[in-house]
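Respectively, the protein sequence lines represent chains Y and F. Note that the first sequence covers residues 2 to 304 in the numbering used here. Note that the second sequence covers residues 810 to 1173 in the numbering used here. For each residue, glycine too, the CB sits at the ideal point set by N, CA and C. What follows is a short report on a single structure.
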Amino acid sequence: MIAFLRTRRTALIPLLLLSPALLTMLFVVALPLGFSFYTSLTAYRLVRPETIEIFVGLRNYIRLLEDWEFWRVFGRTILFLAIALNVEFLLGLGIALLIAKITWGQRTLRTIMMFPMMFSPILVGFQFKFIFNDNIGILNNALQSLGLTDRAIPWLVDGRLAMFSIIFAEVWMSTSVFAILLLAGLFAMPRDPLEAAKVDGCNSWQVFRHITLPFIMPFAFIAMTIRSLDVARAYDIVHVMTGGGPAGRTELLWTLIARTGYMDARMGQANAMAYLSTLLSIAFTWYFYTKLMQARRYMGGVQ
Amino acid sequence: MAGISIRAVEKAYGAVRVVHGIDLEIAHEEFVVLVGPSGCGKSTTLRMIAGLEDISGGDVWIGQTRVNDLPPRKRNISMVFQNYALYPHMNVRDNLGFGLRIAGQSPQVVTERVNEAAGILGLSELLDRTPAELSGGQRQRVAMGRAIVRHPDAFLFDEPLSNLDAKLRGQMRAEIKKLHQKVRTTVVYVTHDQVEAMTLADRIVVMRDGHIEQVGTPMQVFNHPVNTFVATFIGSPPMNLLPAVIHEGQVLLRDGSLVPVPARLRAKTHEGQDVVLGIRPDDICPVGHGLGETDEGTDIALTVDLAEPLGMESLIYTSIAGQEVQAKLYGPRIVQASETLSFRLALDRAHLFDAATTRSLDVL
Ligand SMILES: Nc1ncnc2c1ncn2[C@@H]1O[C@H](COP(=O)(O)OP(=O)(O)O)[C@@H](O)[C@H]1O
Ligand SMILES: [Mg+2]
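As structure tokens, then:
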């Protein structure tokens, strides 16, 4: 009998020890998640709380599937993500390679490189909004003073240019994520395989292409995972710089969701969008994570 | 046909010179071992041949080409590194074939040569594994395979066995020797292990502090060391060195005992000359337990301090003129500590070195 009690008690101990974590997870993650999922199945309007009880089933989702505008924004977000990540990767790689070559002042440069990350995205947004402003922005001013153009380029007013400007701000702010991680990869890189490749007949480009790049790709995948989550939820910079305009040409998923939820007060619909957007994030994360795991298979345990 | 010719080659890192103008001619298909203590400039020399280090002075020729200004890829050499330096993201097949693919060989040729090399080195079963899935010895073999697939003019080895355990090292040493017999190519092999040097080399190059001390076949270097450094570096246990003075045609040791001057050296000594008597443990043996008859010997009574029986032979620690000396006993005889035995010194194999210059009187 006593032995029985004792085994029961020991069986409970892990649960007991886990309970703070489990409770936190429950209240912080599971409940809100469940609640928001429920609201996505209702006709909930922020301004009329009682609507939360009107259960509409999958109607919000079905409406979304037929919503042209939503899918255009969805596609634009993917494009935005693809461009930003690739540009950041290439720039970050270039910076990392340059800094890895430098022997003098490397620490200082590494610190300076991190500066853009230290600002709030909102402030970065305001800063670039000022820089790209067509009347008073310093970019147009500079271009005109240099005589490169005589008219004001509508950076934030033209749809394409506005998208470019936002990507520019995003890239400026976050390239260092790639640079730092790739630099760490370059530092961790063993020297011997590089020399072996040179003796094996590679020129500098081939050494980079066949040895260095495969070695640092896992580091790039880490950066991509982080940044894809980051960019997929981009809101602040867009909101500040263009507010999704002109005429919705820079609307991304989260600016659209926020507008639907808070401006139009259609919270049920917004939550349905949010759930679909989450799928996008999950897809990207999963993709990069798989790549990372593949690449890591050979990284472990090798001299 | 490609020998390697090293002419007055120097290496300096800033103001620090680490290789001081060395000359070495390596014949086609010769196996040359650079041996010396750690930090003596062996790797640096090898890396200058490979093109991985700039040459600060002098010339390196491979075959008929002066290669000083050629990048490694234009020198047609292969190198095996101490840490194997395999490409971690490629499987064994791709590791082996990489150099060939870079050289633009057709897929058939690559497959053919890779299979050939894998066959020679017993890697055929492992072609699909990544380096992370291989043992140390297997990685070493892949590194060697990568070197041989390209049919280079020369192989360069930089301490290829020093990361292996003792047993495997012995095995791989034999494999390298067999490999060289199968794939006859010029080899430059760097090691700090004199056993590897003795067993592998056609010619040994003994280096110290960026200088070449002696070049010769293993037997030349072993039997005729040019100075006390080579004498003690090559051979294990090392040669015993006893400071002495030449007195009335004899070698006067520090405790006043006298040993005859070896006959071949009599004309080269003079009264009062400070010398060092060098004699290997194998040449100090209890009478009747030596390596065979010596033409010229002298007997001396010594007390055993310690004996290490090794089966068919024992290593004996004793002292001559107050200095610890190692001697050998051949035969399965048990020796007790503090036993006093009559030892014979094989003087025809003993050496005299000038005390001031440490150079052997044989070569003066
Ligand atoms: N990159 C370098 N900068 C300065 N000194 C070096 C460098 N590489 C090697 N050395 C020095 O050169 C000497 C010879 O080195 P090395 O050729 O590696 O010796 P080993 O005979 O052990 O292979 C050593 O004293 C080492 O400290
Ligand atoms: Mg070395």
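Provide the residue(s) that pair with residue i in DSSP beta bridges, ordered along the chain.
i: Y1126/F; result: L1115/F, Q1135/F
i: Y998/F; result: V842/F, F966/F
i: L1161/F; result: L1086/F
i: S229/Y; result: DSSP, once it has assigned bridges, lists no residue as partnering S229/Y.
i: K820/F; result: V828/F
i: Q145/Y; result: None; Q145/Y has no bridge partner.
i: I1021/F; result: M1016/F
i: G56/Y; result: According to the sequence shown, residue 56/Y is Phe rather than Gly. Answer by DSSP bridge pairing, in chain order: T43/Y.
i: P191/Y; result: P191/Y pairs with nothing; no bridge assigned.
i: I1109/F; result: F1152/F
i: G866/F; result: E819/F
i: L1061/F; result: V1054/F, L1067/F
i: P1095/F; result: F1152/F
Let me know if residue i comes out buried or exposed under the rule of 16 or more other beta-carbons within 10 Å of its beta-carbon.
i: N272/Y; result: buried
i: G106/Y; result: exposed
i: Q1145/F; result: exposed
i: M888/F; result: buried
i: A811/F; result: buried
i: K991/F; result: exposed
i: W72/Y; result: exposed
i: V825/F; result: exposed
i: A1136/F; result: buried
i: V303/Y; result: Interpretation of V303/Y is limited by its pLDDT of 38, a score under 50 that renders its predicted location unreliable; the figure taken from the coordinates is listed afterwards. Classification of V303/Y: buried, given that the 10 Å Cβ count is 16 or more.
i: K986/F; result: exposed
i: F116/Y; result: exposed
i: T1127/F; result: buried
i: Y263/Y; result: exposed
i: T40/Y; result: buried
i: L944/F; result: Reading off the sequence shown, one finds Ser at residue 944/F, where the question assumed Leu. Its Cβ having fewer than 16 others within 10 Å, S944/F is exposed.
At least one CB of chain F closer than 9 Å to the CB of residue i: is that the case?
i: V303/Y; result: Confidence at V303/Y is low in this model, with a pLDDT of 38, below 50, so its placement is unreliable and the value that follows should be read with caution. Taking Cβ atoms only, chain F reaches closer than 9 Å to V303/Y, which makes this a yes.
i: E196/Y; result: yes
i: M204/Y; result: Sequence check: residue 204/Y is Asn here, not Met. Yes, contact with chain F.
i: Q207/Y; result: yes
i: F222/Y; result: no
i: H240/Y; result: no
i: P215/Y; result: yes
i: K102/Y; result: no
i: A296/Y; result: yes
i: P191/Y; result: yes
So residue i and residue j are supposed to be a Cβ contact under 8 Å. How far apart are they, rounded?
i: H1001/F; j: S847/F; result: 6 Å
i: S1169/F; j: V1035/F; result: 5 Å
i: M1121/F; j: P1141/F; result: 6 Å
i: L157/Y; j: F133/Y; result: 5 Å
i: R297/Y; j: P247/Y; result: Not a contact, Cβ separation roughly 44 Å.
i: P122/Y; j: D193/Y; result: About 42 Å separates the two Cβ atoms, so there is no contact after all.
i: R1153/F; j: D1108/F; result: 5 Å
Which residue's Cα is closest to the Cα of residue i: the options?
i: L935/F; options: S915/F, V1070/F, G954/F; result: G954/F
i: R1012/F; options: N972/F, A824/F, H989/F, F840/F; result: F840/F
i: V172/Y; options: P21/Y, A22/Y, T78/Y, V88/Y; result: V88/Y
i: V958/F; options: P191/Y, D201/Y, A153/Y, I96/Y; result: D201/Y
i: T279/Y; options: V232/Y, G249/Y, G245/Y, R297/Y; result: V232/Y
i: F1162/F; options: A1155/F, Q1135/F, T1078/F; result: T1078/F
i: G906/F; options: G1025/F, A952/F, L1061/F, S852/F; result: A952/F
i: A321/Y; options: F169/Y, S177/Y, S121/Y, V74/Y; result: Residue 321/Y lies beyond the stretch modelled for chain Y, which goes from 2 to 304, so this question has no answer here.
i: F209/Y; options: V1039/F, Y1139/F, A1110/F, I911/F; result: I911/F
i: P961/F; options: H1098/F, G872/F, G1058/F, L943/F; result: G872/F
i: E968/F; options: R856/F, K820/F, V818/F; result: R856/F
i: Q270/Y; options: I55/Y, P191/Y, A284/Y; result: I55/Y
i: V1054/F; options: L861/F, A1130/F, D832/F, A1010/F; result: A1130/F
i: M225/Y; options: D68/Y, R161/Y, T291/Y; result: T291/Y
i: E819/F; options: T853/F, S944/F, L1115/F, H837/F; result: T853/F
i: D1092/F; options: I1125/F, L977/F, V997/F, V1084/F; result: I1125/F
i: K851/F; options: V827/F, W870/F, A836/F; result: V827/F
i: S814/F; options: A859/F, V844/F, C849/F, Y822/F; result: A859/F
i: N61/Y; options: T243/Y, S37/Y, T112/Y; result: S37/Y
Using a Cβ-Cβ distance under 9 Å, would residue i count as near chain Y?
i: G860/F; result: yes
i: Y998/F; result: no
i: S887/F; result: yes
i: T1166/F; result: no
i: G823/F; result: no
i: I1194/F; result: Residue 1194/F falls outside the range modelled here, since chain F spans only 810 to 1173, and no answer is possible.
Verify the contact flag: residue i, CB atom, against every heavy atom of ligand 3, threshold strictly below 8 Å.
i: V1054/F; result: Questions concerning ligand 3 fall outside what the structure shown contains, since the ligands it does hold are ligand 1 and ligand 2.
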